[in-house]
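These notes are about the structure you will find just below.
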Amino acid sequence: MKNSEKQMAELMTSRLAGFHKLPVADRLGTVARMTRLSSEEAAALAGAALSVDMANQMIENAIGVFSLPLGLGLNLQVNGRDYIVPMAVEEPSVVAAVSFAAKIVREGGGFQAEADDPIMIGQVQLTGYGDPTEASKTLMAHKEQILALANSFHPAMLARGGGAKDIEVRVLPAPEGPRGEPIFVLHLYIDTQEAMGANLINTMCEGVAPLVEQLTGGKVFLRILSNLADRRLARASCRIPVASLADFDLPGEAIAEGIVQASRFAQADPYRAATHNKGVMNGVDAVAIASGQDWRSIEAGAHAFACRDGQYRPLSTWMFEEGHLVGRIELPLALGTVGGPIKAHPQVQAALKVLRVSSARELSMVMAAVGLSQNFAAVRALGSVGIQKGHMALHARCVAVTAGARGHWVEQVANALVKAGQVKVEKAKEILAAMMKDQPQPAVVGDVSAP
939 MKNSEKQMAE
949 LMTSRLAGFH
959 KLPVADRLGT
969 VARMTRLSSE
979 EAAALAGAAL
989 SVDMANQMIE
999 NAIGVFSLPL
1009 GLGLNLQVNG
1019 RDYIVPMAVE
1029 EPSVVAAVSF
1039 AAKIVREGGG
1049 FQAEADDPIM
1059 IGQVQLTGYG
1069 DPTEASKTLM
1079 AHKEQILALA
1089 NSFHPAMLAR
1099 GGGAKDIEVR
1109 VLPAPEGPRG
1119 EPIFVLHLYI
1129 DTQEAMGANL
1139 INTMCEGVAP
1149 LVEQLTGGKV
1159 FLRILSNLAD
1169 RRLARASCRI
1179 PVASLADFDL
1189 PGEAIAEGIV
1199 QASRFAQADP
1209 YRAATHNKGV
1219 MNGVDAVAIA
1229 SGQDWRSIEA
1239 GAHAFACRDG
1249 QYRPLSTWMF
1259 EEGHLVGRIE
1269 LPLALGTVGG
1279 PIKAHPQVQA
1289 ALKVLRVSSA
1299 RELSMVMAAV
1309 GLSQNFAAVR
1319 ALGSVGIQKG
1329 HMALHARCVA
1339 VTAGARGHWV
1349 EQVANALVKA
1359 GQVKVEKAKE
1369 ILAAMMKDQP
1379 QPAVVGDVSA
1389 P
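Under the working numbering, the residues of the sequence shown are numbered 939 to 1389, in order.
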């Protein structure tokens, strides 16, 4: 490690007290200096990144660029390393919840995390195969030939240590209907290295299809990856001393009990588990979008994994262990640090530089920890004073802006809304009008250029 890099690592911290009180420009400047962003990269983070011309190269029928707020999750420590986490999300409270939860976990030793090797699954559907047992034996007998053919389509990936590693045959019961043939599927297990891997998996599946047909005498139809990446799991955990949970004028034991009961509820009831997991994905998706990942694939895989035993269950659990509240999360995360929009999108590149991950596996560990942080913040509130107290305080700011408040008026109107117990646009307009009448100051309402 060079001296400059070593110094940067030593100075790098995600514990930035008072960061939320700084003006936006000062926040950006602080992070830019800490992570040594160029002026172009800092500008990209600020939103001056994706041009319409570039958007037109990325998707069809482009007419413009759609923006989301980009915030930073702070205080996160995973495996002893600090991370400042870019998060793109429109929902109030998500970034604040992650930062708050990460601070509490940090004081208890931070998150521990691990991730599997990046093994993805490609599926080749076969019909008209005759006897399924014989077809299975034939394909398994030609395993090395199938793998060699698959890897011939991506020799560079094979040279880097990745590529097709194994096969499996699955024969599934025939679904209801007039056609009674069992579903016959060949799985390719592919190490995609630093890529999410969708394109290379699909290429390999399509490439081996003629050989599969030749060997079995059957007909191949679908040849595509699976988004249930259950060979590519990420896990994170934390241990929080119960005493440190005290808040809301409640002892730590009461807060912990509420969290554990929320976890038990989610384990037993899919209606609750769906909302529990939505909270997890609030954090995961926000990081995924900011880092250029296929968040639809991540969502599909996570929810499929949640019902792997026949009932939809929570991705995370909470329990008591020796005076600590212990949280654990496990979910499939098919991520990449190369390919797709990652290299094409300047804002994604700048966000990844701030995040400072060196591999897709490391990114998945950070993302799992973020998901557990967001979940902890949600169940902590749910199991004590309720979700609305904190959420409405943050939502009030959006309502104030919608009502026309800008600059310093936003916080004043938001505070008044919370105090009044009516977080509504009409009430905000009423409060804003009264404030401006009583406190005439330079015009800021309607001035979209105001800070």
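Yeah, the Cβ is synthetic: ideal placement off N, Cα and C, and Gly gets one too.
Item, Value
"Cα-Cα separation between Thr1141 and Pro1208, rounded to whole angstroms", "37 Å"
"Distance between Cys1245 and Ala1272 (C-alpha atoms, nearest Å)", "18 Å"
"Backbone secondary structure at Tyr1127 - three-state DSSP", "strand"
"Leu1077 beta carbon less than 8 Å from that of Leu1153", "yes"
"Start-end ranges of the beta strand (DSSP E) lying completely within the segment 976-1008, minimum 3 residues", "none"
"Arg953 to Cys1143 span [Cα, whole Å]", "46 Å"
"Candidates Ala970, Arg965, Leu960 and Ile1022, of which the one nearest Thr951 by Cα", "Ile1022"
"Three or more C-beta pairs below 8 Å linking the segment 1209-1223 and the segment 1159-1173", "no"
"Which listed residue (Val1033, Ala1073 and Leu1290) has its alpha carbon closest to that of Pro1007", "Val1033"
"Buried/exposed call for Leu1355, threshold 16 Cβ in 10 Å", "buried"
"Secondary structure of Arg953, DSSP reduced to three states", "coil"
"Proximity below 8 Å, CB of Ser914 to CB of Glu1368", "Shown here, the chain extends from 939 to 1389; a query on residue 914 therefore has no answer."
"Spatial distance of Gln1050 from Cys1176 (CA atoms)", "6 Å"
"Pair within 8 Å by beta-carbon distance, Val1225 and Met1095", "no"
"For Glu979 and Ser1297, the rounded distance between their alpha carbons", "20 Å"
"Identity of the residues DSSP links to Leu1064 by a beta bridge", "Phe1122 and Val1158"
"Length-filtered (3 minimum) beta strand (DSSP E) runs lying within the segment 1345-1380", "none"
"Identity of the residue in Leu983, Val1295 and Gly1135 nearest Ser1235 by Cα", "Gly1135"
"Own chain residues within Cβ distance below 8 Å of Glu1029, not counting five before or after", "Asn1220"
"Status (buried if at least 16 other CB within 10 Å, exposed otherwise) for Ile1001", "exposed"
"Short Cβ contact (8 Å threshold) for Ser1462 with Val1036", "As shown, the chain starts at 939 and ends at 1389. That puts residue 1462 outside it, with no answer to give."
"Nearest neighbour of Leu1320, chosen from Gly1309, Arg1299, Asp1232 and His1214 [CA to CA]", "His1214"
"Val1062 classed as buried or exposed, judged by whether at least 16 other C-beta atoms fall within 10 angstroms", "buried"
"Gly1239, DSSP secondary structure in three states", "helix"
"As assigned by DSSP and simplified to three states, the class of Asn1215", "helix"
"Neighbourhood of Gln1199 by C-beta, 8 Å cutoff - its chain only, sequence neighbours within 5 removed", "Gly1321"
"Bridge-paired residues (DSSP) for Thr1255", "Arg1266"
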